[in-house]
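K.L.:
Number of protein chains: 2
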Amino acid sequence: MALRDAKAGVRNEAGIEAVSGILKQRFGERFQTGRAFRAQHAHTTTYIPTQLPDGVLFAETADDVKTVVRACADHKVPVIGFGTGSSLEGQVNAPNGGISIDFSRMNRVLEVNPEDLDCTVEPGVTREALNTHLRDTGLFFPIDPGANASIGGMTSTRASGTNAVRYGTMKDNVLAVTAVTASGEEIRTARRARKSSAGYDLTRLFVGAEGTLGILTSVTLRLHGIPQKIAGGVCAFPSVKAACDAVIMTIQMGIPVARIELVDALQMRASIAYANLPYEESPALFLEFHGTDETVELQSAAFAEIAAECGGGEFRFTASPEERTKLWKARHDAYWSVRALAPGLAVLSTDVCVPISRLADCVAETQADIEANGLLAPIVGHAGDGNFHVQLLFDDKSAAGIATAEEFVARLNARALAMDGTCTGEHGIGQGKMAFLEQELGGTVDLMRQIKRSLDPDNILNPGKIFHLG
Amino acid sequence: MALRDAKAGVRNEAGIEAVSGILKQRFGERFQTGRAFRAQHAHTTTYIPTQLPDGVLFAETADDVKTVVRACADHKVPVIGFGTGSSLEGQVNAPNGGISIDFSRMNRVLEVNPEDLDCTVEPGVTREALNTHLRDTGLFFPIDPGANASIGGMTSTRASGTNAVRYGTMKDNVLAVTAVTASGEEIRTARRARKSSAGYDLTRLFVGAEGTLGILTSVTLRLHGIPQKIAGGVCAFPSVKAACDAVIMTIQMGIPVARIELVDALQMRASIAYANLPYEESPALFLEFHGTDETVELQSAAFAEIAAECGGGEFRFTASPEERTKLWKARHDAYWSVRALAPGLAVLSTDVCVPISRLADCVAETQADIEANGLLAPIVGHAGDGNFHVQLLFDDKSAAGIATAEEFVARLNARALAMDGTCTGEHGIGQGKMAFLEQELGGTVDLMRQIKRSLDPDNILNPGKIFHLG
Chain A
1 MALRDAKAGV
11 RNEAGIEAVS
21 GILKQRFGER
31 FQTGRAFRAQ
41 HAHTTTYIPT
51 QLPDGVLFAE
61 TADDVKTVVR
71 ACADHKVPVI
81 GFGTGSSLEG
91 QVNAPNGGIS
101 IDFSRMNRVL
111 EVNPEDLDCT
121 VEPGVTREAL
131 NTHLRDTGLF
141 FPIDPGANAS
151 IGGMTSTRAS
161 GTNAVRYGTM
171 KDNVLAVTAV
181 TASGEEIRTA
191 RRARKSSAGY
201 DLTRLFVGAE
211 GTLGILTSVT
221 LRLHGIPQKI
231 AGGVCAFPSV
241 KAACDAVIMT
251 IQMGIPVARI
261 ELVDALQMRA
271 SIAYANLPYE
281 ESPALFLEFH
291 GTDETVELQS
301 AAFAEIAAEC
311 GGGEFRFTAS
321 PEERTKLWKA
331 RHDAYWSVRA
341 LAPGLAVLST
351 DVCVPISRLA
361 DCVAETQADI
371 EANGLLAPIV
381 GHAGDGNFHV
391 QLLFDDKSAA
401 GIATAEEFVA
411 RLNARALAMD
421 GTCTGEHGIG
431 QGKMAFLEQE
441 LGGTVDLMRQ
451 IKRSLDPDNI
461 LNPGKIFHLG
Chain B
1 MALRDAKAGV
11 RNEAGIEAVS
21 GILKQRFGER
31 FQTGRAFRAQ
41 HAHTTTYIPT
51 QLPDGVLFAE
61 TADDVKTVVR
71 ACADHKVPVI
81 GFGTGSSLEG
91 QVNAPNGGIS
101 IDFSRMNRVL
111 EVNPEDLDCT
121 VEPGVTREAL
131 NTHLRDTGLF
141 FPIDPGANAS
151 IGGMTSTRAS
161 GTNAVRYGTM
171 KDNVLAVTAV
181 TASGEEIRTA
191 RRARKSSAGY
201 DLTRLFVGAE
211 GTLGILTSVT
221 LRLHGIPQKI
231 AGGVCAFPSV
241 KAACDAVIMT
251 IQMGIPVARI
261 ELVDALQMRA
271 SIAYANLPYE
281 ESPALFLEFH
291 GTDETVELQS
301 AAFAEIAAEC
311 GGGEFRFTAS
321 PEERTKLWKA
331 RHDAYWSVRA
341 LAPGLAVLST
351 DVCVPISRLA
361 DCVAETQADI
371 EANGLLAPIV
381 GHAGDGNFHV
391 QLLFDDKSAA
401 GIATAEEFVA
411 RLNARALAMD
421 GTCTGEHGIG
431 QGKMAFLEQE
441 LGGTVDLMRQ
451 IKRSLDPDNI
461 LNPGKIFHLG
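So the protein lines, in turn, are chains A and B.
Residue 104 in full-length UniProt numbering sits at position 104 of the first sequence, with consecutive numbering throughout.
Residue 315 in full-length UniProt numbering sits at position 315 of the second sequence, with consecutive numbering throughout.
(1) What does A:G428 touch in chain B if you count any residue whose Cβ is under 9 Å from its own?
(2) Residues of chain B with CB closer than 9 Å to the CB of A:P227, please, in chain order.
(3) Between the segment 65-94 of chain B and chain A, which residues of the former have CB atoms less than 8 Å from a CB of the latter, in chain order?
(4) Which residues in chain B have a C-beta closer than 9 Å to the C-beta of A:I187? List them in chain order.
(5) Sort A:M253, A:I187, A:R204 by Cα distance to A:N173 and report the nearest one.
(6) Out of B:T220, B:T444, B:G374, state which residue places its alpha-carbon closest to the alpha-carbon of A:L202.
(7) So that I know if they touch, is there some Cβ in chain B lying closer than 8 Å to that of A:D420?
(8) For A:P53, which residues of its own chain have a beta-carbon under 7 Å away from its beta-carbon, when the five flanking residues on both sides are left out?
(9) Just how far apart, CA to CA, sit B:L223 and B:E13?
(10) Quickly, what does DSSP pair B:T220 with across the bridge? List them, please.
(11) Can you pull the chain A neighbours of B:S357, defined as C-beta to C-beta under 7 Å?
(12) Taking 8 Å as the cut-off, decide whether the C-beta atoms of B:S357 and B:I255 are in contact.
(13) By the three-class DSSP mapping on this structure, what secondary structure does B:F140 have?
(14) If you measure from the beta carbon of B:T157 to each beta carbon in chain A, is any gap under 8 Å?
(15) Taking CB distances under 8 Å as the criterion, tell me whether B:L202 reaches chain A.
(16) Quick check on this structure: which residue in B:G146, B:Q431, B:A231, B:R30 has the alpha carbon closest to the alpha carbon of B:R316?
(17) Assign A:E122 to one of two classes, buried (16 or more other C-beta atoms within 10 Å of its C-beta) or exposed (fewer than that).
(18) Looking at the unbroken beta strand (DSSP E) that takes in A:N96, where does it start and where does it end?
(19) Locate the alpha helix (DSSP H) running through A:L266, then write down its first and last residues.
(20) Taking B:K326 as the reference, which of B:Q367, B:F286, B:L139 has the closest Cα?
(21) Report buried or exposed for B:N276, applying the criterion of at least 16 other Cβ atoms within 10 angstroms of its Cβ.
(22) Which residues in chain B have a C-beta closer than 9 Å to the C-beta of A:Q450? List them in chain order.
(23) Mind listing which residues of the segment 343-374 of chain B have their C-beta closer than 9 Å to chain A's C-betas, in chain order?
(24) Would the beta-carbon of A:A265 fall within 8 Å of that of A:F289?
(25) Comparing the C-beta of A:E294 with each C-beta of chain B, is any distance below 8 Å?
(26) For B:T132, report the span of its alpha helix (DSSP H) as first-last.
(27) Give the single residue among A:L345, A:Q91, A:D456 whose Cα lies nearest to the Cα of A:F82.
(28) Using the Cα positions of B:L213 and B:I451, report the straight-line distance between them to the nearest angstrom.
(29) Give me the Cα-Cα distance between A:N163 and A:G425, rounded to the nearest whole angstrom.
(30) Apply the 10 Å Cβ neighbour rule to A:T422 and answer buried if 16 or more other Cβ atoms are within range, or exposed otherwise.
(31) Distance, Cα to Cα, B:G15 vs A:F141?
(32) Thinking A:G291 and A:K229 are a contact (beta carbons under 8 Å), I'd like their distance in whole angstroms, please.
(33) Report the three-state DSSP secondary structure of A:L262 (helix, strand or coil).
(34) Where A:Y335 and A:R158 are concerned, what is the direct C-alpha to C-alpha distance, given to the nearest angstrom?
(35) With distances taken from CA atoms, which of B:I429, B:G470, B:A198 is nearest A:S197?
(36) Taking only beta-carbon atoms, is B:V207 less than 8 Å away from chain A?
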């Protein structure tokens, strides 16, 4: 199947052969060209076709990365960073072939500065490994995209997740990166101060660049104090609209919710069936509050009042770690619960984000679309940010099934754009959303192309992602 | 006097004459070339020499801006945006001559979306005018750099100020901009969603670019709910070190202070003398808390405990608007109180920012430097961010006085860089700090140059700022 924009490009066979020879000689067993290794590194979690790199280099140091990029630069061969492979839009695919740099061995926490609430890590550190490492410091790294992604990958896709409403996205939590540019030089984008006005914000340029401007070799992150008290709960609502109204009021009142997740009735049904949960089959908000005994109590009470005003059900919150874990496991297992609804079908996760005043409309119109087209597609959303995911079940083995999915996605993205929203809140453009990026930003994409051409004139860094250059 | 890096460049006389003719014909009285107008638009608040533009265009619409930029592009003539002229590092100077676009008539609030907590304004709207406009919505725009700067200027220098510790800087509060690029096209960097992963973060690239990549025509801003309760107070400490320790603990505990400002003993003396304040002549923290009756009480009590633990004096806070206004007027009048210390001398405001664990060291070493060199230089700081300003009094009428100031600034910036800090937390690079930017980021500045060349190949947008193109 060849969905949407994942075109195969032109391969530089002679260059690839030359680079493979160099890397084999230089790295021995750390450079792998077997099909199994290559297939693993073009793994995508969606229906975008797999496009294998020609070899996989297991990097252990920043110098390794420099060596690979220089060899690729000399021979004009593509080079693609690989964290854990959990990206959703084909970001690790190799449409023109080339070399995949696997960061799983660059997984050291290089420095933790507890007084400054920051740390510096290699790109292969996963968010769970980082939080395990930080356990005894009283600090944590909050960004949680669901998957146990690598920090390098999360930086490159500008990831966020359930608690971005309180802690921001990767854009807000990366202080600096080091990266190897297309010329094989390693640069550092900023020092360790919490803010700076020193020239162009190259840190934010690398965050979300999907590896097309440089290969990250370290990331300096902001950390946060583990709250003294964490409490959460679930609140049922008669409609998605009522739930969204409660979200808007909560944000407007400035209640610092740590998580406020929308789950529609179909997703609740799927979750209840999957994990035997004691909830109602109605739209609901999953919430979490971070603070002290007193502030968590105050926040919860303020939310309960808002919920009642919006026609919501009783809001009970709990600080029991077991119950909280169960609650958030249900939320994080949404994907699996959806798969279980129709085991023969594939799941496509969409990612629009709209101004929160339009969230209820966008979800309601999308539900109407789902119903009118006889689709099975539960919805979950990071409601505080106006970001939601439709988990569309579709038959990825038939042309008709794929066309149905493509048409649905096109309608959904057009709907979000008409509401001044974006086609991607947190998954990135990759190969899957290039056409929608053009719809969203028009001629502005040409500025991105100009920057890309100036920093990577031979287009060796993750080519064929975000936009086509040609 | 010719301090630091403010070199005059090469003037394109024929081009300037051609553009002036075009603009005179097109705009009549709205294009001014008299010396008084031109001098007003090269006004700097520091000792950097004034370099006049050749004409000033009072823009009224984005189309006016396009017309001017196109004329300048056709004839390769510099074009410089002008907000209120409160930038501190020569950002509005015209080293190569050219056209200054004055935004004081582009001062409309274009759109306010209370439910989404955002608004879109023209670049000439000042922060005070915006907050006056918002008065009845229950919302406010928090960034407060002291001066009543324009939103366009604040965006372009990545401004922050006293409450960045709670609300972030311009980087965190700009959702999107529209800008006219060097080719005279108007582009929009993003839609209005609160987050997006749609390609390169061009919004953050324009924030802090000091008008060198495009001329802003509108800015979409995040707004915040006016807190139900605001309370503040002053707490004396036996030493700068003790005050900084209290700041670090406050940040580590996650107490969401809205403002936590360090004032050294000399600044306290100056402020007391200037405004007859009932404070002690010792280092102090000025604080503000935003929340509800209950949370402000809790935050203040938590801070008071920390202050006591660090040897601080009694912490009394007040919610009386009159007393709060008096307190923050004293803080904002720091510059004037310093001038009053020695009326014959000029004041230079430095701007280093270091990781907060190093703030006490950096301030103490700087005080020792001041004393060893017999200088008069009070210190104020946005302590929660690790950012402080030395207000150096110096004789700007003698070569010796200027050399003393230059050498002090060089030592201060070197000290901050050695502590992994930055030469500018919020004022920007402009003409004054180019050499320090090179010291801070080295070869990384070449990436900035590559981006500049790709987006502005003829170097017409505010040339001679941030870096020399060489």
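Here a beta-carbon is modelled for each residue, glycine too, at the ideal position from N, C-alpha and C.
P.N.:
So, to answer that:
(1) S197, A198, G199
(2) G254
(3) none
(4) L441, G442, G443, T444, D446, L447
(5) A:R204
(6) B:T444
(7) yes
(8) R38, H41, A42, I80, A94, G97, G98, I99, S100
(9) 45 Å
(10) B:T120, B:A176
(11) N113, E115, D116
(12) no
(13) strand
(14) yes
(15) yes
(16) B:A231
(17) buried
(18) Premise fails: A:N96 is in no beta strand (DSSP E) and is neither H nor E.
(19) 265-275
(20) B:F286
(21) exposed
(22) I451, S454, L455
(23) D351, V352, C353, V354, P355, I356, S357, R358
(24) no
(25) yes
(26) 127-134
(27) A:Q91
(28) 9 Å
(29) 13 Å
(30) buried
(31) 54 Å
(32) 6 Å
(33) strand
(34) 21 Å
(35) B:I429
(36) yes
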